[in-house]
């Protein structure tokens, strides 16, 4: 009988962000994030209030790529990243 192997599922990270509306051009900060699978070694950078660019750079350096990046208003948006195994 042939062995059946499970297909590895991708890791997904969804980040919701906002910037300070009182300071034009302010840095984007994470509101919330959700991980399906693993975001290692960047997990601690996904905390609410942390800078989005720091978490995003870590994820991109560790095999993630951006699937969707959208602004939901002039001061907020979301990014979905994926890493395949």
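Residue numbers (UniProt numbering): 1 to 85. Quick reminder that beta carbons are idealized off the backbone N, C-alpha and C, glycines included. Here the structure is a predicted model, which means the values were calculated and not measured.
Query	Result
Counting only the same chain and skipping the five closest in sequence on each side, list residues whose C-beta sits under 8 Å from that of residue 65.	81, 82 and 83
Given a threshold of 16 other Cβ atoms within 10 Å of its Cβ, counted over all protein chains shown, does residue 22 qualify as buried or as exposed?	exposed
Between 43, 41, 48 and 7, which lies nearest to residue 28 when the distance is taken from Cα to Cα?	48
Measuring CA to CA, which of 76, 41 and 14 is closest to residue 58?	41
Tell me, which residues are paired with residue 35 by DSSP?	13
Taking all protein chains shown into account, decide if residue 36 is buried (16 or more other Cβ within 10 angstroms of its Cβ) or exposed.	exposed
Starting from residue 83, follow the beta strand (DSSP E) in both directions and report where the run begins and ends.	76 to 83
Measuring only between beta-carbons, confirm whether residue 31 sits less than 9 Å from chain C.	In the structure shown, chain C does not exist; there is a single protein chain.
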